[in-house]
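To start, the structure under review is shown below, and the notes come after it.
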Amino acid sequence: MEIKELLAERGLLIFDGAMGTQLQAKGLKTGETPELLNLTDKALLKEIHRSYIDAGADIISANTFGANAYKLSHSGKSVDEVITAGIKNCKEAIEESGKPVFCALDIGPIGQLLEPTGSLKFEQAYEYFKEQVIAGSNAGADLVLFETMTDLYELKAAILAAKENCSLPIICSMTFEENGRTFTGCPVLSEILLCEGLGVSAVGVNCSLGPKELMPTITELCEKSNIPVIVMPNAGLPDPATGG
């Protein structure tokens, strides 16, 4: 069954949780590239994926969030081999579970600001995303998830790269602050209009704030979106008194 059909049937699909914090709990050190573990510790990645599958997730995100040419430039590894390994680990965990779970090619921001705020050109951003999308599609991903985006212009480059280079469903999620805007000033309505206009399958918010703090943004998203909505908040905000 395709993901759109399953969503229409159930009305609600559950994503997995965070990957980075799980890897840190397992020993990932500050400054290390988590995506390289796709190649060096397959068992660990499959263990994390399987834990989310066993918890009831319908969609599992591959460990590919930062696997772009810019971030991997000093690793000695190619985007294709890192993403291919990440998708393989994810799909093997799904297959071994025997459950009907979808594998998402997870793609985050490039790590450079686009012009005019930064120096990265739109065309180069497109090429970065294109390389990731092609690698993930060829490796067998079931959908593309663009998440933790803050720049609408960068998200546009990402969506176009996906639409023009694969036939997979696309889900987009941006990160909003308490003022209802992203770090670069994008309001949720602009995200909705862009995603609807470019034919994205679902639109939403993730990270940055806890459920309570994100509720006004989530409410606006649900009221104004004409396509399915995705919501993946943090567990909450840190407690300054305890550090927890």
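Heads up, our numbering is the position in the sequence shown plus 241, with the first residue counted as 1. Backbone N, C-alpha and C define an ideal beta-carbon position, used for all residues, glycine too. From a predicted model like this one, the values you see are computed outputs, not experimental measurements.
Secondary-structure assignment with DSSP links Ile300 through a beta bridge to Phe256 and Phe343. For Leu386, the enclosing beta strand (DSSP E) has its first and last residue at Leu384 to Met390. Taking the Cβ atoms as the reference, Ile400 lies roughly 12 Å from Ala443, outside the contact range of under 8 Å. Put simply, of Glu372, Gly377, Ile255 and Gly421 the residue whose alpha carbon is nearest the alpha carbon of Gly297 is Ile255. Following the DSSP letters along the chain, one finds Cys427 in no alpha helix (DSSP H), marked with neither H nor E. The shortest C-alpha to C-alpha distance from Phe417 to any of Ile375, Gly377 and Gly451 is the one to Gly451. Contact between Leu354 and Lys397 does not hold, since their C-beta atoms are separated by about 14 Å, which reaches or exceeds 8 Å. In this structure Asn420 is exposed. Its beta-carbon is surrounded by fewer than 16 other beta-carbon atoms within 10 angstroms. Between the stretch 323-337 and the stretch 267-287 there are three or more inter-stretch CB-CB distances shorter than 8 Å, so the stretches are counted as touching. Pro350 sits buried, since 16 or more C-beta atoms from the chains shown fall within 10 Å of its C-beta. In this structure Ile412 is in contact with Leu386, their Cβ atoms being roughly 5 Å apart against a cut-off of 8 Å. Contact between Ala402 and Val374 holds: their C-beta atoms lie close to 6 Å from each other, under 8 Å. Just measuring C-alpha positions, the residue of Pro469, Asn309 and Glu432 sitting nearest Leu247 is Pro469. Assignment of beta-bridge partners to Ser414 by DSSP yields Gly445. Of the residues Ile300, Ser360 and Leu346, the one whose Cα lies closest to the Cα of Lys371 is Leu346. Collapsing the DSSP output to three states places Ile294 in a helix. Distances from the alpha-carbon of Val446 to those of Lys287, Gly352, Ala380 and Met473 put Met473 closest.
Taken through DSSP and simplified to helix, strand or coil, Leu264 comes out as helix. The C-alpha of Ala303 is placed about 11 Å away from the C-alpha of Asp383. Assigned with DSSP and collapsed to three states, Ile244 falls in helix. Pairing Thr358 with Ser316 gives a Cβ-Cβ distance that is not under 8 Å. Membership of Ile324 in the alpha helix (DSSP H) is indicated by the continuous run Val320 to Ser338. One alpha carbon belongs to Tyr293, the other to Lys267, and they sit about 15 Å apart.
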